[in-house]
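Visitor:
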Amino acid sequence: MLVQLPDRPNLPGPIARKLTEAYERYATEPLPEHYDTFIRDEFEIDLASEYAGFPVRSPFGKASGQLSMTRRQVEEDVNAGLGFVVLKTVIAQNETGEQSMSAWASPETKMVVEPITGRSGERGWTVSWKGRGWHRSFADYLQLIRDAREVAAESGCLIVPSCKYHLPASEGEGWNQAEYEYTTRHLWGAWSGDNADEAMPLEKDFSPTLAGDRLSDVRQQILRWLQEVPRLIKSSLPEPARQIRLGLKLFNTLFDDEFQLELLDTIHNSPHRPDYFIYGNRLFDPAREFEGKKGIAYGGPDLSDRNLFVLNRYRSHSSSAMLPLSATGNIDSGKRAVEYMLAGAENFQLHTFFQLPAKEYTCRVGNKTHKALHELYFHPELGLLAWLTHLHQQLGFESSEISLRQLVMTIANRPVLLDRNRA
Ligand SMILES: Cc1cc2nc3c(=O)[nH]c(=O)nc-3n(C[C@H](O)[C@H](O)[C@H](O)COP(=O)(O)O)c2cc1C
């Protein structure tokens, strides 16, 4: 079944009115309780979702980056109602502190949030900056995991560490197994408190800056990474099946869309499949200058256009079931989230939309995460509630209660495909 999303959601009058009322009212006054509880009670929409098989209270999460580096940032996100928080990416090391990917552990530089226009003419936002991974100590990162777990305990918000491990530059170069082992064991120890029954979700970041690095000049090399990395990470723990759920965060290479499809094919058909994947990290422009140097990662409408095109192509061509997908890339509205959902995503992770200038949000109360969620959920024409209601009807459900999980499962099983043009 092909699903096309019209410009505006098709909503019963009373629901459209109720949404507008909520959007306007909660722009200036705090919600009586958390978004997910309020939405379940008022709109009969159950936002309970999954992240790699873990239950989470709602589908929007914070993507890894500068906005998830401290206990305080995580605490604010948990209080604002996010379903999950992916911590900043740490760079793997061995027991003596050596890092073969140390070039990625550079200190922060200023981030510049800028408007960007996509090839379709659509306007959006991108964040420009020159930093890379976590640059404080590994011990500090382990403490961040413990702190984040503590502040999120019992909240329904999942904490997800993120790591960049050693990647060999040529076929002749071996893998730095010591870094894989040391880092994975310690991440798991911090996450689980050494409770052997606690499985840790972990994102393995293949960042967009890799696209501009000589490391990823060769296609075969990238495919080899995708095949080997899950095995190396998992074999670092004595009981990987119980201790870890591993997600590969794929990047947009400088190669064509066919190669992006090959990446997806590889992770799905490799003997060492990851448990889930995150798609897809930002685009890379080798020619654009920023702070006097050429080459910068960027986002905005071209990012979501490319991601949705590739994911839809993959879903329509592949005969096997897709691994659980956490979507990332220019998720700037509930409608965009539903587009990713129709491309196979079960949850949505955002960075840029949590960082817009304050005047871009209608909501005047709470922190930026709260303001962004107000827009993402309640916007009468672009919000998630409007589009879930629309989709629920379009897929032929008659019940008054709407369940996000049920919609995700229906899309996965039928299969329902998004019919969307690319700029
Ligand atoms: C300033 C900045 C820092 C980022 N740092 C990381 C990182 O450390 N690890 C990672 O996996 N992704 C990182 N990302 C990528 C984001 O997690 C996200 O996947 C990407 O920006 C696409 O989402 P967006 O369009 O909502 O920003 C970063 C993005 C930005 C803008």
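0 is the number of the first residue of the sequence shown in numbering that gives the first Met the number 0; add one for each residue after it. Yeah, the Cβ is synthetic: ideal placement off N, Cα and C, and Gly gets one too.
#1: Are the stretch 25–41 and the stretch 99–119 in contact at 8 Å, needing three or more beta carbon pairs?
#2: When every heavy atom of ligand 1 is checked, does at least one fall within less than 8 Å of the C-beta of E400?
#3: Which partner residues of Y313 appear in the DSSP bridge assignment?
#4: In the DSSP assignment, what residue or residues form a beta bridge with L201?
#5: Can you find a heavy atom of ligand 1 that lies under 8 Å from the Cβ of A62?
#6: Classify W133 as helix, strand or coil using the three-state DSSP reduction.
#7: Can we count G120 as close to ligand 2, meaning its CB is less than 8 Å from some heavy atom?
#8: Let me check you understand the geometry: is the CB of K17 closer than 8 Å to at least one non-hydrogen atom of ligand 1?
#9: With a threshold of 9 Å between beta carbons, is A79 in contact with chain B?
#10: Looking only at its chain, what residues have a beta carbon closer than 7 Å to the beta carbon of S99, apart from the 5 residues adjacent to it on each side?
#11: Out of L403, L310, Y360, N329, which one is the CA nearest neighbour of M321?
#12: Which same chain residues end up closer than 7 Å to R34 when comparing Cβ atoms and leaving out the 5 residues on each side of it in sequence?
#13: With a threshold of 8 Å, are at least 3 pairs of Cβ atoms found where one atom belongs to the stretch 89–97 and the other to the stretch 118–128?
#14: Can you say whether V364 is buried or exposed, counting buried as having 16 or more other CB atoms within 10 angstroms of its CB?
#15: Give the straight-line distance between the Cα atoms of E380 and K17, rounded to the nearest whole angstrom.
#16: Quick one: using the 10 Å Cβ neighbour count with 16 as the cut-off for buried, is H389 buried or exposed?
#17: Does S136 pass the burial test, meaning 16 or more other C-beta atoms within 10 Å, or should it be called exposed?
#18: Unbroken alpha helix (DSSP H) runs of length 4 or more, entirely within the stretch 323–350: which are they?
#19: Helix, strand or coil: which one does DSSP assign to F83?
#20: By the three-class DSSP mapping on this structure, what secondary structure does L372 have?
#21: What did DSSP end up calling F250 once you bin it into helix, strand or coil?
#22: What does T36 pair with, by DSSP beta-bridge criteria?
#23: Return helix, strand or coil for Y278, following the three-state DSSP convention.
#24: What does the alpha-carbon distance come out to for the pair A21 and E32?
#25: If you check the beta carbons only, do E74 and V126 fall under 9 Å apart?
#26: With hydrogens ignored, establish whether the beta-carbon of A371 is closer than 8 Å to any heavy atom of ligand 1.
#27: Is E202 near ligand 1 - that is, is its Cβ less than 8 Å away from at least one heavy atom of it?
#28: Where are the alpha helix (DSSP H) runs, 4 residues long or more, that stay fully inside the stretch 359–418, in chain order?
#29: Extract the residue ranges of the alpha helix (DSSP H) inside the stretch 97–178, only unbroken runs of 4 or more that lie entirely within it.
Guide: Walking through what the data contain:
#1: no
#2: The residue labelled residue 400 in the question sits at position 401 within the sequence shown. No - ligand 1 has no heavy atom lying nearer than 8 Å to the Cβ of E400.
#3: Locating residue 313 in the sequence shown gives position 314, counting from the first residue. Bridge partners of Y313: none, in fact.
#4: Counted from its first residue, the sequence shown places residue 201 at position 202. L201 pairs with L245.
#5: Position 63 of the sequence shown holds residue 62. For ligand 1, at least one heavy atom lies less than 8 Å from the Cβ of A62.
#6: Taking the first residue of the sequence shown as 1, we reach residue 133 at position 134. Coil, per DSSP.
#7: The model on display carries ligand 1 but not ligand 2.
#8: Position 18 of the sequence shown, counting from 1, holds the residue named residue 17. No; taking the cut-off as 8 Å, the Cβ of K17 has no heavy atom of ligand 1 nearer than that.
#9: Among the protein chains of the structure shown there is no chain B, as only one such chain exists.
#10: Here residue 99 refers to the residue found at position 100 when the sequence shown is read from its first residue. Cβ neighbours of S99 beyond the five flanking positions: H165, N175, E178.
#11: As a working note, residue 321 is residue 322 in the sequence shown. Closest option to M321, Cα to Cα, is L310.
#12: Position 35 of the sequence shown, counting from 1, holds the residue named residue 34. Before going on, a small fix: residue 34 reads as Tyr here, not Arg. Contacts found: S57, G80, L372, Y376.
#13: no
#14: Translated into the one-based positions of the sequence shown, residue 364 becomes position 365. It is exposed - the Cβ of V364 has fewer than 16 other Cβ atoms within 10 Å.
#15: Position 381 of the sequence shown, counted from the start, is the residue given in the question as residue 380. Position 18 of the sequence shown, counted from the start, is the residue given in the question as residue 17. Those two C-alpha atoms are separated by around 13 Å.
#16: Sequence index remark: in the sequence shown, residue 389 carries index 390 (1-based). So H389 ends up on the buried side.
#17: Position 137 of the sequence shown, counting from 1, holds the residue named residue 136. By the 10 Å Cβ count, S136 comes out exposed.
#18: 333–341
#19: By one-based count along the sequence shown, residue 83 stands at place 84. Strand.
#20: As a first step, residue 372 must be located in the sequence shown, where it is residue number 373. Reduced to three states, the DSSP call for L372 is helix.
#21: Taking the sequence shown and counting its residues from 1, one reaches residue 250 at position 251. Three-state result, F250: coil.
#22: Taking the first residue of the sequence shown as 1, we reach residue 36 at position 37. Paired residue(s): none; T36 is not in a bridge.
#23: Taking the sequence shown and counting its residues from 1, the one referred to as residue 278 is at position 279. Correct three-state label for Y278: strand.
#24: If you number the sequence shown from 1, residue 21 lands on position 22. If you number the sequence shown from 1, residue 32 lands on position 33. Cα to Cα, the separation comes out at about 13 Å.
#25: Within the sequence shown, residue 74 is the residue found at index 75, counting from 1. Within the sequence shown, residue 126 is the residue found at index 127, counting from 1. Taking 9 Å as the Cβ cut-off, E74 and V126 do not qualify as a contacting pair.
#26: Taking the first residue of the sequence shown as position 1, residue 371 is located at position 372. No, the Cβ of A371 stays beyond 8 Å of every heavy atom of ligand 1.
#27: Here residue 202 is taken as the residue at index 203 of the sequence shown, counted from 1. Yes.
#28: 367–377, 383–393, 403–412
#29: 137–151
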